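Just so you know, we're using the numbering used here here: the sequence shown kicks off at 31 and counts up by one.
In this text, a Cβ means the ideal position worked out from N, Cα and C, and glycines have one as well.
Treat the numbers as computed from the prediction; the structure is a model and nothing was measured.
Each remark here refers to the structure printed beneath this line.
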Amino acid sequence: MTVLEQEIIEKFKRLTPERRARVLSTLHDETTTEQMSLAEWLERVEAVRFHLRNDVGEQHPSSADFVNDVREERDADLLRSVGFGRSSRNRPN
């Protein structure tokens, strides 16, 4: 038995019965979970996309929209750093 295994067992023994049961249940779930197939995964992803589409509607931002927003923020930061743009540091007193 490894040192890690011994440490886990020692700490497990210190738990209350309720917490032991919860840890055992979690470990059981972790060790018995079957690996899902690609088809199952795709089915779940499509279900999530369907729910998102219903919640958000067809008007959702694309990844290009996010990239453009980040670029605009970066450009504004660069302009402020060289003295352009709106910044309280650049206003004359």
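Pairing residue 71 with residue 56, the inter-Cα distance amounts to about 22 Å.
Rounded to whole angstroms, the gap between the alpha carbons of residue 108 and residue 101 is 10 Å.
Membership of residue 36 in the alpha helix (DSSP H) is indicated by the continuous run 33-43. With respect to the 8 Å criterion, residue 42 and residue 52 are not classified as neighbours on the basis of their beta carbons. Residue 93 and residue 40 have their C-alpha atoms spaced approximately 49 Å apart.
Apart from the 5 residues on each side of it in sequence, residue 59 has no Cβ closer than 6 Å to any other Cβ in its chain. Here the alpha carbons of residue 110 and residue 83 stand approximately 38 Å from one another.
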